[in-house]
Structure formats: C-alpha cells, structure tokens
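Undergrad: If you read the sequence shown in full-length UniProt numbering, its first letter stands for residue 1, the second for the next number, and so on. Sharing a structure here in structure tokens format.
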Amino acid sequence: MSSTESSGRTADKSPRQQVDRLLVGLRWRRLEEPLGFIKVLQWLFAIFAFGSCGSYSGETGAMVRCNNEAKDVSSIIVLFGYPFRLHRVQYEMPLCDDDSTSKTMHLMGDFSAPAEFFVTLGIFSFFYTMAALVLYLRFHKLYTENKRFPLVDFCVTVSFTFFWLVAAAAWGKGLTDVKGATRPSSLTAAMSVCHGEEAVCSPGATPSMGLANISVLFGFINFFLWAGNCWFVFKETPWHGQGQDQGQGSSQESAAEQGAVEKQ
C-alpha cells in the first residue's frame, strides 16, 4: 500500500513540477519591453477584430400593405450576417393577387471575400502573436542568440502590416456595400409589388451596424500596431547592428583622419 501511495504521489507531483518549471522559466519582464507589450496588444486586438466581424448579425425589413381588402398588412423581416453572402439570403415577398400569396426573393450582392479575408487574417495574427509570445517569454535566450528568429519575425511583421492595411481597407469598402444592399429602401426598391398601384410599401428599421463598424476600426488599429512594431523587431535583427557598426567605423575613421591632419 505504501509503495502504491508513494508512486501515486510522485505521479501527482511530476505534472505540477513540470508546470512550475515552465512558469519559472518564463521571463515576465519581457512584457514590460516594447517588443513584448506590443505583441500582447496585437494578440488582444486580433481577437477583437475577427470576433466583432465574424459574430455580426443584423436584420432589415419592410411593410407591405395591399390595397385589396382581402389581404392583410405583411411584415417582412430579413436576417443576415457573416460571411455576408447576401444573394443566398431568402425572404418572402407578399403578392396582392388573389391567386398567389407570396414569392421567394433574395438579397443582392456577395461580400464574403473581404469579410472572410479579414477574419482569416485576424485568426492567423492571433496564432502568430501567441507563438511569438511563447518564444519571447520562454525561449528568450534562443531568440537573442540565434539571429534567424529576429529576421523571420521582422519579415512576418512587415507582411502582417501590409495585409492588415489591405484587409481593413477592403472590409471597410465591403461594409459600405453591405449597408447599401441591406438598407430598407433598397429592399422595397427590389420588390416588384412595391412598383405597382396594388400595394403601398414602407421601409422598416435600418439595420444596426455598430459591431461591424467597430470591426473596421479594430482592423486599422491592428495595422498601426503591426507598423509600429516593425521598428522594435528591426532593432533585434543583425541589420540594425550592422548599421551601428558602420556608423561607429566611419566615425573612428574620421577621427583618425582628423588626428593625422592635426599632426601634420
């Protein structure tokens, strides 16, 4: 019994010891430096960006009142959201004829490309910044000694900066088109029953786009964060050290030439 209890205790202690060793090996002060602190901000705002865009859902609608007394007032409510393939969103348009009741209609437009690119970039940024934080905090010695890691980090940071600018601009334009396609006046303009004299159409409430607007804002914030981080990552690369060495070498050469002139 004692041997089994001791083996059980050692088995319980081994995972705890591994966790303790992992936590002890983390260099938390790295987060106080600009390189680590900005990575935390990038990690957070990447979540905000793809979360606010990917979780958006809204609704638009209209009211159709037929002049025929046999027909009642029809309320149309259309739900839409990410990935904004509006041409697949269906709604029933009431008809004021005695023979038929309704007709299936679709919203117009497909804006999934900029929305999905925006969300995908946010997810990739989330995973990369999380991996970079692990490298900064746990394997900081390997990051500083092996010059390949700062070079790769700098190239990836520049790439993400460019992609965030493209994604935020493209999604901003796509969101403007989504607003135009889901406007209640656009809904009534697309329904043929509203163009005749047999019905009177009135637009419903305008969709709330607050969360979608915030996602575009988060996209540009991510761009500025990644652009600002380029300088701090560049300082870790050998290119920055070579520039300083060349500057020091030129200053020493100029000082030596000045000393030779003074001796003459």
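Beta carbons are placed, not taken as given, at the ideal position from N, Cα and C, and that holds for glycine.
Assign Gly210 to one of two classes, buried (16 or more other C-beta atoms within 10 Å of its C-beta) or exposed (fewer than that).
TA: The residue in question, Gly210, is exposed, as its Cβ has fewer than 16 Cβ neighbours within 10 Å.
Undergrad: For Trp164, does the count of other Cβ atoms within 10 angstroms reach 16, so buried, or fall short, so exposed?
TA: Buried is the call here.
Undergrad: Inspect the beta-carbon positions of Leu95 and Val193 and report whether they are closer than 8 Å.
TA: In this structure, Val193 lies closer than 8 Å to Leu95 by Cβ.
Undergrad: Please go through the same chain and pick out, in chain order, the residues whose beta-carbon is closer than 6 Å to the beta-carbon of residue 324, but skip the five residues on each side of it.
TA: The requested residue 324 is not part of the displayed model; the chain covers only 1 to 264.
Undergrad: So for Val178, helix, strand or coil by DSSP?
TA: Reduced to three states, the DSSP call for Val178 is helix.
Undergrad: For Lys173, count neighbouring C-beta atoms within 10 Å of its own C-beta (all shown protein chains included) and say buried if the count is 16 or more, exposed if not.
TA: Exposed, because fewer than 16 other Cβ atoms sit within 10 Å of the Cβ of Lys173.
Undergrad: With three or more C-beta pairs closer than 8 Å as the rule, is the stretch 130-150 touching the stretch 103-115?
TA: Output reads no: the stretch 130-150 does not touch the stretch 103-115.
Undergrad: Would you mind reading off the limits of the beta strand (DSSP E) that contains Phe80?
TA: Run containing Phe80: 74-81, per the beta strand (DSSP E) assignment.
Undergrad: Does the structure place the stretch 153-169 close enough to the stretch 111-129 that three or more beta carbon pairs sit under 8 Å?
TA: Result yes; three or more Cβ-Cβ pairs closer than 8 Å.
Undergrad: To the nearest angstrom, report how far apart Met93 and Val158 are at their CA atoms.
TA: Looking at the two C-alpha atoms, the distance is approximately 50 Å.
Undergrad: Identify whether Arg29 lies in helix, strand or coil by the three-state DSSP scheme.
TA: Arg29 falls in the helix class under three-state DSSP.
Undergrad: So for Leu22, helix, strand or coil by DSSP?
TA: With a pLDDT of 48 at Leu22, under the threshold of 50, the predicted position of this residue should be treated as unreliable, though the coordinate-derived value follows. If DSSP states are grouped into helix, strand and coil, Leu22 belongs with the helices.
Undergrad: Can you name, in chain order, every residue of its own chain whose Cβ lies under 8 Å from the Cβ of Leu22, other than the five neighbours on each side?
TA: In this prediction, Leu22 scores a pLDDT of 48, lower than 50, which makes its location untrustworthy; the coordinate-derived value is nonetheless stated afterwards. Result list for Leu22: Arg138, in chain order.
Undergrad: State the Cα-Cα distance for the pair Gly183 and Gly54, rounded to the nearest angstrom.
TA: The sequence shown places Arg at residue 183, not Gly. Cα to Cα, the separation comes out at about 20 Å.
Undergrad: Tell me whether Val119 sits in a helix, a strand or coil according to DSSP, three-state version.
TA: Three-state DSSP puts Val119 in a helix.
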